[in-house]
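Structure first, then comments.
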Amino acid sequence: MKVRTRFAPSPTGELHLGNARTAVLNWLFARRHGGAFVLRFEDTDLERQVATAEHGIVRALDWLGLDRDEGPFVGGPHGPYRQSERLEIYGEHANRLLSAGLAFRCYCTTEELEIRRAEARARKGELRYDGRCRDLPREVEERFRGEGRRPSIRFRVDPGPIRYADRIRGELTVHGEEIGDLVILRSDGRPTYNFAVVVDDLLMEITHVIRGAGHLSNTPKQVLFYRALGAEPPEFVHLPSVLAPGGGKLSKRAGATGLRAYEEVGYHPDAVLNYLSLLSWSSPTGDEILSRERLMAEVDLDRLGAANPEIDPAKMRWLSGQHFRRESIERLEVDLAGRLVDRFSLGETELRALTEVLRERILVLSDANDVCELILPEPDLSNSAVREVLEEPHSARVVAAVTERWSALEQWTRETLREALLEVGRDVGIKGRAFYHPVRATLTGAIQGPDLPDIAYILGAERTLERLRRGIAAAGA
RNA sequence: GCCCCCUUCGUCUAGUGGCCUAGGAUACCUGGUUCUCAGCCAGGAGACAGGGGUUCGACUCCCCUAGGGGGUACCA
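According to my numbering, the stretch in the first sequence is residues 48 to 524, in order.
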């Protein structure tokens, strides 16, 4: 049977690392087995205003490179893919259960239920529905109807063990008496979450339900629905919950940063994909820096742990850097161009040189700004730190020697610049700080930054030599 | 309150009864890369939550406790 997975967020807000990890595993597993990845929005409970959230989610998925085979905006044979557009379908299925005697109409109002729950809580009793409408005589039903009560439809949950399986945890059992009769259709006709999910997953022919462990306790209820509808449940895989750094659940104040923010800071999307798949999973090879292709080939449902992992921002940044190091110059150049060209009015050769240097040092794309900020603007030679360096006795001589040697260069490459610099150092007989600082200060107006040959390489021969000559003048003065 | 799940270095993890004086990665510390920052390279320190069992032998199996996560809704 063809593997079909789905990602079913409710379009309330942005995707965060926790949601995204669920999407990632569903996508990876589908791709690994040549299956289909379906997107579905669970929006039954929401009013409008979700349109922007829908787009935000799709955007985030696109950024991570998780393409959908079916879903909103792309369509597919099992649509519609928004629960709000499937209301009649849920109604039909609920009625099927009703006529089969597996469900019944419950005339209790929300208020009555709440009062009973409060009482139960007060005397420390069971909070569950007491089943009072299970077998209502026809006359009573008529009377309730006459009173204007709108019934909800409840599913009969009989006492006794309910067995279900989770791929990660194995066979599990709960008891029907701990669940109670479940509302599947509210009195206003909208389905409840657990019922809608089952109807959708069934109709969409989902084979593997991969979702957060928060749904573990919903699973037995859903298994009951599958059976009642005459179907076998799919395989359930409950991924451990992703926790915020320092523990605790992902929340507004801790770690629930939207994916958009990671995109803006400039994390490599493949690194985020890589990082997320490494939560609860590890490659049998023990490797951790895994390309998109390797992830698609290797990530499977075996080797999934059961403990809740915490996000480690530092490791994610490190991975991002690793992915940039392996990125092609051409691709990185495109990413960098979007952030730097206008802001620093870069030319083609400058951008290329910058990309070559930056590829070896950035962790996230925004690191590039700092480097540009430091070396691209005309250096300010008037600040005290720079003045101090330039006033050293040998500074003028050092800068002049470097200028002379570099201006004689036939090839302006990082390598030739570096070799030439080393030679000058030996010739002049000055080394360390005394040698490098005057050159650095002259070139950037700072005494801290990337390697000098790299700076010269990015600036290009003309600008480098011009700055150096100005430095000689300043040092001589 | 009741029910369910989880528990190896700070963090992510390897480990399925002896291969473990517990391996890797990150973070941290130190050194190197004839200047600095980042990067990179090398080295160092760092864990089986606690207590009972089972066994010739437990990180690995069972029980209890603690801690964490989730559920108990006409929320999703």
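For glycine and all other residues, C-beta sits at the position ideal for the given N, C-alpha and C.
Residue(s) in a DSSP beta bridge with Glu117: Val85
Cβ shell of Gly123 (< 8 Å), same chain only, five flanking positions each side left out: Val85, Asp116, Glu117
Same chain only: Cβ atoms within 8 Å of Ala448, ignoring 5 sequence neighbours per side: Val471, Asp474, Val475
Cβ pair Ala141, Ile231 closer than 7 Å: yes
Close-in-space but distant-in-sequence residues of the same chain around Ser330 (CB under 7 Å, 5 per side omitted): Leu337, Glu345
Neighbourhood of Tyr309 by C-beta, 7 Å cutoff - its chain only, sequence neighbours within 5 removed: Val319
Cβ contact check for the region 386-403 and the region 286-300: 3 or more pairs under 8 Å: no
Complete beta strand (DSSP E) runs within the region 109-161 (minimum length 3 residues, chain order): 150-153
Rounded straight-line distance, which links the Cα of Ala488 to that of Ser57: 55 Å
Residues of its chain near Arg390, where Cβ-Cβ distance is below 6 Å and the 5 sequence neighbours each way are ignored: none
Between the CA atoms of Tyr273 and Arg237 - distance to the nearest angstrom: 19 Å
Length-filtered (4 minimum) alpha helix (DSSP H) runs lying within the region 247-327: 266-275, 306-312, 316-324
Beta carbon of Leu464 nearer than 7 Å to that of Cys419: no
Straight-line Cα distance separating Gly479 from His315: 36 Å
Where the alpha helix (DSSP H) through Tyr176 begins and ends: Premise fails: Tyr176 is in no alpha helix (DSSP H) and is neither H nor E.
Rounded separation between Asp498 and Ala243 - CA only: 60 Å
Continuous alpha helix (DSSP H) stretch holding Thr489: start and end: 480-491
Neighbour-count burial assignment, His102, 16 or more Cβ in a 10 Å radius: exposed
Environment of Ser324 [buried if 16+ CB atoms lie within 10 Å]: buried
Assigned secondary structure, Leu348 (DSSP; H/G/I helix, E/B strand, else coil): coil
Counted within 10 angstroms of its Cβ, other Cβ atoms place Gly65 as buried (16 or more) or exposed: buried
Candidates Gly368, Asp317, Gly352: closest to Met21 by CA position: Given a span of 48 to 524 for the chain in the structure shown, any question on residue 21 remains unanswerable.
Entirely enclosed beta strand (DSSP E) segments - the region 188-229, minimum 3 residues: 199-202, 208-213, 217-222
Given 8 Å, three or more beta-carbon pairs between the region 71-84 and the region 49-56: yes
Among Gly313, Gln269, Arg434, Ile358, the one whose alpha carbon lies nearest that of Phe371: Gly313
Leu428 beta carbon less than 7 Å from that of Ala521: yes
Cut-off 7 Å between Cβ atoms - residues of its own chain near Ser442, not counting five sequence neighbours on either side: Val436, Pro485, Ala522
Tyr240 versus Arg378 - alpha carbon distance: 43 Å
Contact the region 144-158 vs the region 199-207: 3+ CB pairs below 8 Å: yes
Buried versus exposed, by CB contacts within 10 Å (16 or more), Lys268: buried
Spatial distance of Gly368 from Ile409 (CA atoms): 6 Å
Runs of alpha helix (DSSP H) wholly within the region 439-473 (minimum 4 residues, chain order): 442-454
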